[in-house]
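First the structure, in the form of structure tokens, and then the observations on it.
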Amino acid sequence: MVQALVTIDNNTNRVLNVIKAKFDLKDKGQAIKVLADQYVNTKEPELRPEYIAKMKKLLKSKDYVKFDSVGGMRKHFEGGK
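Written out as structure tokens, the structure reads:
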């Protein structure tokens, strides 16, 4: 575990106190950990290597069709309606 001395403003202090109370935590360090965990959970998930390989294969195939616009895609699939 790493120990750190941090300087925070009053608003951040209030937010940490709210998180501390809401989750029944012992100290603000645990509140910071909750914030960090929530950040990790909400960031965009990374793609699995199998999915990336599958997409690369699809991009190289003759079945891949690139569209410049939604209208072009609609024309392709709806037959020009």
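Residue 1494 is where the sequence shown starts when you use the working numbering, and the numbers rise one by one after that. The C-beta atom is built at its ideal place from N, Cα and C for all residues, glycine as well.
A Cβ-Cβ separation of about 19 Å leaves V1499 out of contact with F1516 under the 8 Å criterion.
Each of Y1557, K1519, I1545, I1525 was checked against the Cα of T1505, and the nearest Cα belongs to I1525.
CA-to-CA, the gap between G1572 and V1563 works out to about 14 Å.
Residue environment for L1551: exposed (fewer than 16 other C-beta atoms within 10 angstroms of its C-beta). Cα atoms of A1546 and L1540: separation of roughly 10 Å, rounded to the nearest angstrom. The continuous alpha helix (DSSP H) containing Y1532 extends over residues 1521-1535.
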